[in-house]
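Visitor: Dropping the structure in here first, questions after.
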Amino acid sequence: MRVSLFVTCFNDTLFPDAARATVAVLERMGCEVEFRADQTCCGQMHGNSGYEDEAAALLERFARVFEGAEAVVSPSASCAGFVRERLHDGPPVHELTQFLTDVLGVEDVGASFPHRVTLHPTCHSLRGLRVGDGPERLLRAVRGIDLVELGEAEECCGFGGTFAVKNADTSMAMLGDKLRRVLDTRAEVCTAVDTSCLMHIGGALRRQRAGVRTMHIAEILAAQE
Amino acid sequence: MSGGGFPAAAKVALRDSQLRRNVGKATTAIRAKRERAVGELADWEALRTAGAAIKARAMATLPEQLERLEERVTAAGGTVHWARDGAEANAIVAGIARGHGASEVIKVKSLATDEIGLNEALEAHGVTAIETDLAELIVQLGDDEQSHILVPAIHRNRAEIAALFERTIAPGQDLGLEPAAIAEAARRHLREKFLTVPVAVSGANFGIAETGTIGVVESEGNGRMCTTLPKVLVTLMGIEKVLPEWRDLEVMLQLLPRSSTAERMNPYTSLWRGVRDGDGPEEFHLVLLDAGRTDVLADEVGRQALHCIRCSACLNVCPVYSRVGGHAYESVYPGPIGAILTPQLQGLDHAPTLPWASSLCGACYDACPVKIDIPTVLVHLRGRVVREAKSRLSPERLAMDAVGRVFRSRRAYERAQRLAQAGRGPLRHARLPGWSTMRDLPEVPERSFREWWAEARPQGGTAGGGIDPVDTTGRSHG
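Residue numbers (this note's numbering), protein chains in the order written: chain D, 1 to 225; chain Y, 1001 to 1478.
Written out as structure tokens, the structure is:
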């Protein structure tokens, strides 16, 4: 299957490893991956902040960039969800794990990752795209993994885009509780399908020298340790 | 709203560890109970859909439904009053109370009366309003503010309440910490009022247009006392509470108790029509309140906020509400529903920060029994604040415009990316105050994904060039 990668501006610039891992997993699953380099941002930040004209222009641009694509796949539930909600006659856009489980119908992607891992199910994957337990099933099939359940897993980590800045105090109170749950698992890695939430959780874990690292789920699915 | 709006008020609330504990404990408990109560019904999703459809129909035919309601209530011996705003409604209620020479009125818990400041308005007319709902009584005696739609004193624990009663309605008594003993003190105080005060004021959960029936659901029985014992009953009802048909109750009376108190059925459901000889009040007045609701109805996206049945499920599941409590919303309508209702009822200028009092996590939408898409309305209201209330030259708008220009052109985007890698430029806008107090920012990696791709896959499908009108250079890398 020919797949067009929607890397997201966020991953392109800040988390290229997650994006490279996405390509690796898709190619391992037999997909032919293309990258349309004209892509920039889907407009989510503008759209969710009330700058609707700007968001509409960027969405329209997104549609032109990906015109004719058979399947657009993104390592971000948040951005994929935004495009799916707002762009009604554009190309089919999928979040990576949902593409793997629902379109390709795979759970075992041939990964090996012998570490203790906990999964934070992000709001936009859970309540936006309704990925269900897809990410968990993909992780369970990883060889050597010690997957531990996160308490109150479905509660928001407090990122919320500009929320983390505009309501920094409330965001930190939510993050504080999420961190406590992550540390309770004694995991060495906290993973998710969105690097935005992971930047928020990971930024605090690093600040605390907590000894827990964050990784995008694609990096675990790409691993063959 | 105070000067700093929600972020500042939340900051104050977040420092109160007792409040954090009280609200966190209560919302966690009720959240789990609601999930159990809802999980019992196999057709819960169908019920939600039906509830949404009933409310959508009621709002789409509102003038017709209100006229039907007026006609049926009048035919049953009641009097219907129309109030454009809170001041008109307050004057109507005060006029009725004074007309009967009442110096006190007893009240059933009613958010609409709180919204228009009825108690204070009555006080100005020399009439004392006595709250008979236990939690409302606690708030009133403590000269406090409600912090939850259903559980107004959720921010208080039993020790605080016992101490309050010992200071006010049970002077000289030691109530201890047993809930039954504390409640008994309130019961003794209220019984005397039920039996002696001649005028009662209630809100309404529903007003049925088909039959002229008014409905109040409650747990304590104080509402039943108020709607049956006094000579005169005045009901203040927001116009959005009208339901077209009697059979609509079948759906609503399943949705409401399970969503609010996590009960299959609430203990008391009082339904009445007008007046009846020798049974209940001799006089019944229905005050229909607009107070901004028709303006809300004019907003095609925002109007679904009027579907709210005040169950408070969205508060209990909200990660923001469960940490900051209700006071931070500076309105009688707190939580997610308050964040979309208050700015619309009061005007965006009065509550411009509330549409941002959410991480858009979507838990409220999933919990709402009438499927109000709160996240979508929040984003819509953000758009309205940006368009209608924000200065063209606000720093945020200038920054958003600048970032937007970067994203609209591949060349500009790639240039900004290289500047960010070098530690400068507009994509570094993420380094805003607030973030770095608790979180480290990731270093911007030396090489972007697209740079890696261009090197690793020279023939890798980098289609394009000419997408952007001013961007004719095609790829700038690789």
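Even glycine gets a Cβ: it sits at the ideal position worked out from N, Cα and C.
Taking DSSP as the reference, what is the three-state secondary structure of V1093 (chain Y)?
Guide: Helix at V1093 (chain Y).
Visitor: Rounded to the nearest angstrom, what separates A1112 (chain Y) and L1289 (chain Y) at their Cα positions?
Guide: Each residue's alpha carbon lies about 8 Å from the other.
Visitor: Could you check whether the Cβ of Q1417 (chain Y) sits closer than 8 Å to any Cβ belonging to chain D?
Guide: For Q1417 (chain Y), the answer is yes, since a Cβ of chain D falls inside 8 Å of its Cβ.
Visitor: For the beta strand (DSSP E) that S4 (chain D) lies in, which residues bound it at each end?
Guide: Per DSSP, S4 (chain D) belongs to the beta strand (DSSP E) from 2 to 5.
Visitor: For the region 11 to 42 of chain D, which residues have a beta carbon sitting closer than 7 Å to at least one beta carbon of chain Y?
Guide: Taking 7 Å as the Cβ-Cβ cut-off against chain Y, the residues of the region 11 to 42 of chain D that qualify are N11, D12, T13, L14, P16, A19, R20, E34, F35, R36, A37, D38, T40, C41.
Visitor: Could you give the DSSP three-state label for H1429 (chain Y): helix, strand or coil?
Guide: Confidence in H1429 (chain Y) is poor, its pLDDT being 49 and thus under 50, which makes the residue's placement unreliable; the coordinate value appears in the next sentence. If DSSP states are grouped into helix, strand and coil, H1429 (chain Y) belongs with the helices.
Visitor: Taking 8 Å as the CB-CB cut-off, is C949 (chain Y) touching chain D?
Guide: Missing from the structure shown is residue 949 (chain Y); chain Y here goes from 1001 to 1478 and no further.
Visitor: Once DSSP output is grouped into helix, strand and coil, what is the label at F1206 (chain Y)?
Guide: F1206 (chain Y) falls in the strand class under three-state DSSP.
Visitor: Using the Cβ count rule (16 or more neighbours within 10 Å means buried), how would you classify E1131 (chain Y)?
Guide: The residue is buried, with at least 16 neighbouring Cβ atoms inside 10 Å.
Visitor: Tell me whether P121 (chain D) is buried or exposed, calling it buried when 16 or more other Cβ atoms sit within 10 Å of its Cβ.
Guide: Burial call: buried.
Visitor: Rounded to a whole number of angstroms, what is the C-alpha to C-alpha distance between D1471 (chain Y) and S1409 (chain Y)?
Guide: Because D1471 (chain Y) carries a pLDDT of 49, less than 50, the predicted location of this residue cannot be relied on, and the following value inherits that uncertainty. Going from the Cα of D1471 (chain Y) to the Cα of S1409 (chain Y) covers about 7 Å.
Visitor: Assuming contact is defined by CB atoms lying nearer than 8 Å, are I1340 (chain Y) and A1313 (chain Y) in contact in what I supplied?
Guide: Cβ distance not < 8 Å, so I1340 (chain Y) and A1313 (chain Y) don't count as in contact.
Visitor: What do you get for H200 (chain D), buried or exposed, if any count of 16 or more other CB atoms within 10 angstroms of its CB means buried?
Guide: Looking at its Cβ environment, which holds 16 or more other Cβ atoms inside 10 Å, H200 (chain D) is buried.
Visitor: According to DSSP, which residues form a beta bridge with H1327 (chain Y)?
Guide: Beta-bridge pairing links H1327 (chain Y) to no other residue.
Visitor: Is any beta-carbon of chain D found at less than 8 Å from that of T1437 (chain Y)?
Guide: Cβ-Cβ to chain D under 8 Å: yes for T1437 (chain Y).
Visitor: I'd like the ranges of any beta strand (DSSP E) spanning at least 3 consecutive residues and lying wholly in the region 1128 to 1202 of chain Y.
Guide: Correct list: 1128 to 1131, 1199 to 1202.
Visitor: Give me, in chain order, the residues of the same chain whose beta-carbon lies closer than 7 Å to that of G1362 (chain Y); leave out the 5 immediate sequence neighbours on both sides.
Guide: P1375, listed in sequence order.
Visitor: Assuming Q1173 (chain Y) contacts E1184 (chain Y) under a Cβ cut-off of 8 Å, what Cβ separation, rounded to an integer in Å, is found between them?
Guide: Actually they are not in contact, since the Cβ atoms of Q1173 (chain Y) and E1184 (chain Y) sit about 10 Å apart, beyond 8 Å.
Visitor: Quick one: which residues of the region 1366 to 1398 of chain Y get their C-beta closer than 7 Å to a C-beta of chain D? List them in chain order.
Guide: Listed by position, the residues of the region 1366 to 1398 of chain Y near chain D (Cβ gap below 7 Å) are D1366, V1379, R1382, G1383, V1385, V1386.
Visitor: I'd like the ranges of any alpha helix (DSSP H) spanning at least 4 consecutive residues and lying wholly in the region 1386 to 1462 of chain Y.
Guide: Counting whole runs of 4 or more residues, the region 1386 to 1462 of chain Y contains the alpha helix (DSSP H) stretches 1395 to 1407, 1410 to 1421, 1449 to 1456.
Visitor: Taking all protein chains shown into account, decide if H1285 (chain Y) is buried (16 or more other Cβ within 10 angstroms of its Cβ) or exposed.
Guide: Buried.
Visitor: Check the Cβ of F163 (chain D) against every Cβ in chain Y and list those closer than 8 Å, keeping chain order.
Guide: Those within 8 Å of F163 (chain D) in chain Y are W1356, S1358, S1359, L1360.
Visitor: Can you list the residues of chain D that G1434 (chain Y) reaches, using a CB-CB cut of under 9 Å?
Guide: Simply A164, V165, K166, N167, A168, D169, S171, M172.
Visitor: Output needed for L126 (chain D): all residues of its chain with C-beta closer than 7 Å, excluding positions within five of it in sequence on either side, in chain order.
Guide: Within the same chain, L126 (chain D) has close Cβ partners E154.
Visitor: Using beta carbons (cut-off 8 Å, strictly below), is H46 (chain D) in contact with chain Y?
Guide: H46 (chain D) counts as touching chain Y.
Visitor: With burial defined as no fewer than 16 other Cβ atoms inside 10 Å of the residue's Cβ, what is the status of T1437 (chain Y): buried or exposed?
Guide: Burial call: exposed.
Visitor: Do you know how far the Cα of V72 (chain D) is from the Cα of T97 (chain D)?
Guide: Whole-angstrom Cα-Cα distance: 13 Å.
Visitor: Given a cut-off of 8 Å on the beta-carbon distance, is the pair A1050 (chain Y) and V1251 (chain Y) in contact?
Guide: Closer than 8 Å, so yes.
Visitor: Taking all protein chains shown into account, do 16 or more other C-beta atoms lie within 10 angstroms of the C-beta of H88 (chain D), making it buried, or fewer, making it exposed?
Guide: It is exposed - the Cβ of H88 (chain D) has fewer than 16 other Cβ atoms within 10 Å.
Visitor: When the Cα atoms are used, what is the spatial distance from G1078 (chain Y) to P1343 (chain Y)?
Guide: Rounded to whole angstroms, G1078 (chain Y) to P1343 (chain Y) spans 34 Å at the Cα level.
Visitor: Sorted by chain position, which residues of the same chain lie with C-beta nearer than 7 Å to A18 (chain D)'s C-beta, five sequence neighbours on each side aside?
Guide: The residues are N11, P75, T195, H216, A218, E219.
Visitor: Which runs of the alpha helix (DSSP H), 4 residues or longer, sit entirely within the region 11 to 81 of chain D?
Guide: Qualifying alpha helix (DSSP H) stretches, in chain order: 16 to 28, 44 to 49, 52 to 65.
Visitor: Skipping 5 residues on each side, what residues in its chain have a beta carbon closer than 7 Å to that of I1182 (chain Y)?
Guide: Excluding residues within five positions, the ones whose Cβ falls inside 7 Å are R1158, I1161, A1162, F1165, L1175.
Visitor: Taking P1369 (chain Y) and S1259 (chain Y) to be in contact with their CB atoms under 8 Å, please state how far apart those CB atoms are, rounded to whole angstroms.
Guide: Contact flag correct, Cβ pair sits at about 4 Å.
Visitor: Applying the criterion that 16 or more other CB atoms from any shown protein chain within 10 Å of the CB defines a buried residue, is D169 (chain D) buried or exposed?
Guide: Classification of D169 (chain D): buried, given that the 10 Å Cβ count is 16 or more.
Visitor: Can you tell me whether T162 (chain D) is buried or exposed, with buried defined as 16 or more other CB within 10 angstroms of its CB?
Guide: Classification of T162 (chain D): buried, given that the 10 Å Cβ count is 16 or more.
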